């Protein structure tokens, strides 16, 4: 029955998505859309979101009920899968992840509809065209669920712990194993696995909305800032979720994979990073169009590129064409996704080319030394960054496809290319907000930057004096301090100006200045988060120490990085789904015990290889990261590493997302007209 209910829900969502695409386009083409068209749109959106929600609810119900007659449940779930991983199993494998994609897409469609028709809003044909584009994307993804990625297929032949044959027909004769395989052991080893994939999806799928508005504007020949204003909120929402998802994904890798790192330039990591880079470029260039009427053609290119990269990332993750700890197994979905990617990319750019002559001509750039010039530099660097990552990710695939040769593009290439671009971006992030619009005069800019420049250089000198190994750390500290100091100086300057006009204390004016333009200061907070992350990355890459493969019997002591590690013994615990062996290692420093690290190996019935879980001793200065490759009563084989300022990386990533979130509050307040700028505050330049 659950298979039947899920199948009906997916088919209903598919029909509703097609209905939305047709109704949206009909309403968009009519300058004064009749009420019947609006009612049809409303119904199609509601049916699609309710059907998509129903499909997810049915899938979760099948998992919680241990209904192994559903092939997805039999192959990816077990009676012994613990909470909350039994819930997260719904998106831990290919078919379920597409269900989540469809649900998030439907939720965005509903949110766009609600905002377009809210009290006080003025619905526009751009909204209806955007909903039509979202519906068309929905047709593809819900179509996957009824063809090559059906999560509700009935199990018709079963082995001891899996389904070996299945049928898409819900009335087929159903059989099921007594228990299932369970999810991938790596995906049931940390709470972040239940959190970071949905956040990534909210970001990934959210980029459909600005793409849809861009396509709507092109199709309706509506150049100008209107499509940007209507899509701006959704771009920021998607960017915030994508930022948080990438950060928590790196955190998950650090806490779970046991190799001591958090980012390996894995193709699937790159698949989320590339659209983030392009979306970040779009966020900045859209400000130029809204303020100066420039870069509209470029903004169309960016929204098409960002959405195309999300489809490319989906293809890389789910097609099986790459080897990755994150990717799903190979399936028939690959050709479908590749075909959709080609249609979207070629079709969108063909539409853009056909409308290029009708895009409004931008005003002339008066000077490269201006806020506009800073944004152009920002966009150039972000786009080059995305192209470098794209090249390094796809080159091995292209080479193998055309020559049959297998080659890997690893971390050395990406680091060599990414480091100079990243430092250039940090410098641009600092100087950009200090530049006025149109033309920047030295007498205006120098007072804004001379003190931050001195602070940044002083911070670099301090690092050189105090650190034993500097590497890129001194450059990161200088660049990061520069970004934060410029923003702080700008804030204090505006607070003083406001204080003089009101006869108040400057420090008390700071909250009012920040509230007067939440969008601008939210962006500065995001910049500060990037600066923190850059410093942390440089520290972990250049100041870390490692110790490889040390045999330790109970009672043995090893000195490492100023610590004394004492192996005190091994314990074993058994749960229904695993046998976990834990090594207990005391961490001593300066002749006193600082803590206990407990690296472990877990053996799952469904996995031939043990799964390592690191033991991490956290301090403000650094993490001590311990992992084991062998555990028994006689000895353990230990690996140790330090990760200086590792917590600062997580703080930086979440601060970056928090800055984007704060800027959203500013957009909402400006829309309601409830904000009055603080006296003397001039964030725009």
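In our numbering, the protein residues as written are 3 to 687.
Think of the CB as a built atom: it goes at the ideal place given N, C-alpha and C, for glycine as much as any other residue.
These figures come from a predicted structure and were not determined experimentally.
- About 5 Å separates the Cβ atoms of residue 599 and residue 628, confirming a contact at the 8 Å cut-off.
- Taking a cut-off of 8 Å on C-beta distances, the stretch 288 to 299 does not touch the stretch 193 to 201, as fewer than three cross pairs fall below it.
- Rounded to whole angstroms, the gap between the alpha carbons of residue 320 and residue 380 is 32 Å.
- Shown here, residue 193 sits in coil according to DSSP, grouped into three states, outside any helix or strand.
- Between residue 30 and residue 137, the CB-CB gap reaches or exceeds 7 Å.
- DSSP places residue 62 inside the alpha helix (DSSP H), whose first and last residues are 37 to 66.
- Rounded to whole angstroms, the separation of the alpha carbons of residue 250 and residue 421 is 22 Å.
- Residue 617 is bridged by DSSP to 628.
- Bounds of the beta strand (DSSP E) holding residue 606 are 602 to 606.
- Going by beta carbons, residue 564 and residue 485 fall outside the 7 Å limit.
- A check of alpha carbon separations from residue 559 across 78, 512, 400, 638 identifies 638 as the nearest.
- The Cβ atoms of residue 340 and residue 317 sit closer than 7 Å to each other.
- Secondary-structure assignment with DSSP links residue 541 through no beta bridge to anything.
- In this structure, the alpha-carbon of residue 278 lies about 9 Å from that of residue 388.
- Apart from sequence neighbours up to five positions away, the residues of its chain that approach residue 90 with a beta-carbon distance below 7 Å are 195, 196, ordered along the chain.
- Under the three-state reduction of DSSP, residue 548 is assigned to strand.
- Look at residue 261 here: in three-state DSSP terms it is coil, with no helix or strand label.
- One thing to note: residue 16 has its Cβ no nearer than 7 Å to the Cβ of residue 173.
- By DSSP's assignment, residue 573 forms a beta bridge with 584.
- Around the Cβ of residue 9, a 10 Å sphere holds 16 or more other Cβ atoms; the residue is buried.
- Around the beta carbon of residue 129, 16 or more other beta carbons sit within 10 angstroms, so the residue counts as buried.
- Cβ atoms of residue 43 and residue 133 come within 8 Å of each other, at about 6 Å.
- Distances from the CA of residue 539 to each of 648, 500, 492, 631 were compared; the closest alpha carbon is that of 648.
- Beta-bridge analysis with DSSP links residue 275 to no other residue.
- The C-alpha of residue 337 lies about 11 Å from the C-alpha of residue 146.
- Here DSSP, grouped into helix, strand and coil, assigns residue 499 to helix.
- By the CB criterion at 7 Å, residue 168 and residue 73 fall inside the cutoff.
- Between residue 478 and residue 536, the C-beta gap is smaller than 7 Å, which places the two residues in contact.
- Taking residue 301 as the centre and dropping the five residues before and after it, the same chain places the C-beta of 216, 230, 284, 287, 288, 291 closer than 8 Å to its C-beta, in chain order.
- If you draw a straight line from the Cα of residue 254 to the Cα of residue 262, it comes to about 11 Å.
- As for any alpha helix (DSSP H) of minimum length 4 sitting wholly inside the stretch 77 to 131, the runs are 87 to 90, 96 to 118, ordered along the chain.
- Judged by beta-carbon spacing, residue 281 lies beyond the 7 Å limit of residue 315, meaning their Cβ atoms are not closer than that value.
- Rounded to the nearest whole angstrom, the C-alpha separation of residue 424 and residue 530 is 14 Å.
- Between residue 606 and the set 620, 183, 140, the nearest pair of CA atoms involves 183.
- The residue among 382, 441, 362 with its C-alpha nearest the C-alpha of residue 228 is 362.
- As computed with DSSP, residue 597 is found in a beta bridge with 589.
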